[in-house]
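Numbering (UniProt numbering), first residue to last: 1 to 702.
Glycine is no exception: its CB is placed at the ideal position from the N, C-alpha and C atoms.
Note that the coordinates shown come from a computational prediction; the quantities given were computed from them, not determined experimentally.
Encoded as structure tokens, the structure appears first; notes follow it.
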Ligand code: HDD
């Protein structure tokens, strides 16, 4: 590559025109393994620091094609963010089928035991903008693209098995109500405002979903620790054309975990990228997140006998009534190379189904099938978005769709229509008949009407079932969440209308929320059904009820003071590793702490930047001073205080002075989730306690 040698000239600041900046000596030039910097047209660029100008201090020349192209491209870097689910993060992986499901479906993903299918998954919040924080109280999107042998299958679900509305025609209203209020542009990423609760309170069908949304499901600890649901009833179709109904469930192998609300609020400040960082770091560390896919399969007879309409997306089928059958395992094992190219450009569409999977007549699903194709055009700008690598099927693609903006494929052949009488490449592809995607045959009758089926009318019975299925701690959290959210509504009538709906769910729930709002209990709102049913509790609906005893995949925050016992620190490090968990060392300064044996222990974080909300459990190991020096740091005192008030398991090694400084010395007395660390055995006991649920009965209130 020929570079033009320039004579250094003095600039007004005394710098030579060739001086590039402070990092000059680190700035490599092309050569060896370092590729040449080029324009998008491939022309090697001689100098990327200075634009072409007439005279040292003269105007920039239009002739500078490298500058023009660079700025042109930059000016157009942004594309519209998703109208919902704008903030998300994703990864690649593989789905492995446990056993053939050929009796149920001809979908190739389920063809044989051990069959592997590549996947891409994107998790998201719903309401917030692309730059919003991860721990909003919100539903989480859980969208999976299976690159099957017979086309992409997109299972575009959420971490909650029901939805706010029953008919897609209400989706724009729902989304408008939860987004920032248009006359003021706030609040961001929150349902805690007037317009959302105005809408929800006027739409009793959303009551069931708001209970889930007010539960800890809406503040998950990690994408790796939440369930996913296809929500709608779909259909499996086997090779003989026989169809069954199916609901899809993802269950995380690490078990389900959530944070508490006060923690969520603080995490959003301390690390707005908490969830994406967690997913990225775990995959990079080789600790691959996994979910088991399960199905609830049923026939018409079951559907007819079920007390709710299986087409109603505000209802679920309790697992106790119809167990979830595990059918495969998904492992996310590769982070993306480029966030924009993959996570931003991935286009999920509910209508992407391969042979063997079909839709039900759920009116929400039917509407979604229109919407997702549509939105990709305004987001990605071309009908050829299917050619973007993350969207491109991994199986052969052949059709007569031609041209359009950003066509990447040099499609061969003479005939671009069919039928045609050409053969070979010139004739192009041909339809495959019965082995292709054949919709399930279904007799349909009825008048053309805008109508909501009577069978969708019960909006409260399953909400009541959800409520009674929660543990007392979970119920406390739900009440507190309603009180918080409705408390953010400035219009009292909205608060009252929502509480009036809750009276149809459970009197105790409504009374507690009303008390929290200092509101006179309003009359119950009129229900559309004569009887709101008392259905038996479904323990599967409780997160705490099915908590998995493990610390795997979670994180310990270990605060280490100067003079700490090196052997004890090592024992904790080893125990955490053995538990397949991770740990960060936190010291007063990020340079680390000097241990009792004189060695220096580098820190991952300085205490001021690592509040305990970032960790699942915490430990403090002080020196001979009992952590007195640590106790002088306000951030260290907050660290311990917050951990205690978030019900966390706490390990203490020579930390009496620190505990006293934090004002916790009396509070921790008799607390079996605060453990002393002094030798290897006690470290084991501490890790065992970390694997158990938080200390929910710590007497500190919600
Ligand atoms: Fe939707 C995105 C999940 C109802 C219209 N939706 C989107 C994403 C998820 C869901 C996970 C993000 C996909 C990604 O990561 O790119 N949506 C759901 C679930 C629903 C649901 C589980 C109910 C059961 N959605 C729904 C309705 C409509 C839409 C009723 C419209 C009629 N959804 C969209 C959309 C989005 C979308 C506007 C925005 C970006 C995109 O599609 O690609 O078309």
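How many Å lie between residue i and residue j at the Cα?
{"i": "residue 41", "j": "residue 80", "result": "26 Å"}
{"i": "residue 685", "j": "residue 671", "result": "14 Å"}
{"i": "residue 694", "j": "residue 254", "result": "16 Å"}
{"i": "residue 543", "j": "residue 492", "result": "32 Å"}
{"i": "residue 329", "j": "residue 118", "result": "12 Å"}
{"i": "residue 294", "j": "residue 138", "result": "24 Å"}
{"i": "residue 312", "j": "residue 246", "result": "14 Å"}
{"i": "residue 207", "j": "residue 200", "result": "7 Å"}
{"i": "residue 584", "j": "residue 605", "result": "7 Å"}
{"i": "residue 522", "j": "residue 506", "result": "13 Å"}
{"i": "residue 195", "j": "residue 391", "result": "36 Å"}
{"i": "residue 265", "j": "residue 540", "result": "28 Å"}
{"i": "residue 459", "j": "residue 163", "result": "12 Å"}
{"i": "residue 613", "j": "residue 59", "result": "53 Å"}
{"i": "residue 152", "j": "residue 399", "result": "15 Å"}
{"i": "residue 528", "j": "residue 376", "result": "38 Å"}
{"i": "residue 61", "j": "residue 75", "result": "19 Å"}
{"i": "residue 32", "j": "residue 135", "result": "45 Å"}
{"i": "residue 222", "j": "residue 231", "result": "20 Å"}
{"i": "residue 446", "j": "residue 453", "result": "12 Å"}
{"i": "residue 297", "j": "residue 205", "result": "25 Å"}
To the nearest whole angstrom, what separates the beta carbons of residue i and residue j, a pair I think is in contact under 8 Å?
{"i": "residue 105", "j": "residue 237", "result": "6 Å"}
{"i": "residue 367", "j": "residue 171", "result": "7 Å"}
{"i": "residue 704", "j": "residue 595", "result": "This structure does not reach residue 704, given that the chain is present from 1 up to 702, and the question cannot be answered."}
{"i": "residue 97", "j": "residue 77", "result": "That pair is no contact at about 40 Å."}
{"i": "residue 618", "j": "residue 556", "result": "7 Å"}
{"i": "residue 212", "j": "residue 466", "result": "7 Å"}
{"i": "residue 581", "j": "residue 587", "result": "So it is not a contact: roughly 20 Å between Cβ atoms."}
{"i": "residue 88", "j": "residue 283", "result": "In fact, because the Cβ distance is near 15 Å, the residues do not count as touching under 8 Å."}
{"i": "residue 622", "j": "residue 564", "result": "6 Å"}
Taking 8 Å as the cut-off, is the C-beta of residue i nearer than that to any heavy atom in the ligand HDD?
{"i": "residue 376", "result": "yes"}
{"i": "residue 142", "result": "yes"}
{"i": "residue 232", "result": "yes"}
{"i": "residue 78", "result": "no"}
{"i": "residue 158", "result": "yes"}
{"i": "residue 279", "result": "no"}
{"i": "residue 367", "result": "yes"}
{"i": "residue 218", "result": "no"}
{"i": "residue 715", "result": "Coverage of the chain is limited to positions 1 through 702, which leaves residue 715 absent and any answer about it impossible."}
{"i": "residue 221", "result": "no"}
{"i": "residue 295", "result": "no"}
{"i": "residue 372", "result": "yes"}
{"i": "residue 276", "result": "no"}
{"i": "residue 88", "result": "yes"}
{"i": "residue 346", "result": "yes"}
{"i": "residue 332", "result": "no"}
{"i": "residue 124", "result": "yes"}
{"i": "residue 214", "result": "no"}
{"i": "residue 245", "result": "no"}
{"i": "residue 82", "result": "yes"}
{"i": "residue 364", "result": "yes"}
{"i": "residue 341", "result": "no"}
{"i": "residue 203", "result": "no"}
{"i": "residue 388", "result": "no"}
{"i": "residue 385", "result": "no"}
{"i": "residue 547", "result": "no"}
Closest to residue i by C-alpha separation, out of the options, would be which residue?
{"i": "residue 332", "options": "224, 522, 169, 459", "result": "224"}
{"i": "residue 703", "options": "676, 535, 244", "result": "In the structure displayed, the chain extends from 1 to 702; residue 703 sits before or after that span and is not available."}
{"i": "residue 260", "options": "495, 477, 34", "result": "477"}
{"i": "residue 257", "options": "174, 180, 687, 159", "result": "159"}
{"i": "residue 174", "options": "132, 184, 126", "result": "126"}
{"i": "residue 394", "options": "49, 120, 675, 36", "result": "120"}
{"i": "residue 698", "options": "667, 688, 692", "result": "667"}
{"i": "residue 292", "options": "298, 327, 300", "result": "327"}
{"i": "residue 349", "options": "576, 66, 371", "result": "371"}
{"i": "residue 661", "options": "632, 357, 517", "result": "632"}
Report yes or no: is there a C-beta of chain D within less than 9 Å of the C-beta of residue i?
{"i": "residue 648", "result": "In summary, chain D is missing from the structure at hand, where a single protein chain is found."}
Note down, one range per segment and in chain order, each beta strand (DSSP E) of at least 3 residues found wholly within the region 51-118.
88-97
What residue ranges within the region 122-193 form continuous alpha helix (DSSP H) runs of no fewer than 4 residues, ordered along the chain?
171-178
What are the uninterrupted segments assigned as beta strand (DSSP E) that are 3 or more residues long and contained completely in the region 479-532, given in chain order?
none
What are the complete alpha helix (DSSP H) segments, minimum 4 residues, inside the region 243-317?
261-270, 274-284, 300-305
Beta strand (DSSP E) runs contained entirely in the region 582-617, provided each spans 3 or more residues:
DSSP runs (the beta strand (DSSP E)) wholly in the region 582-617: 582-587.
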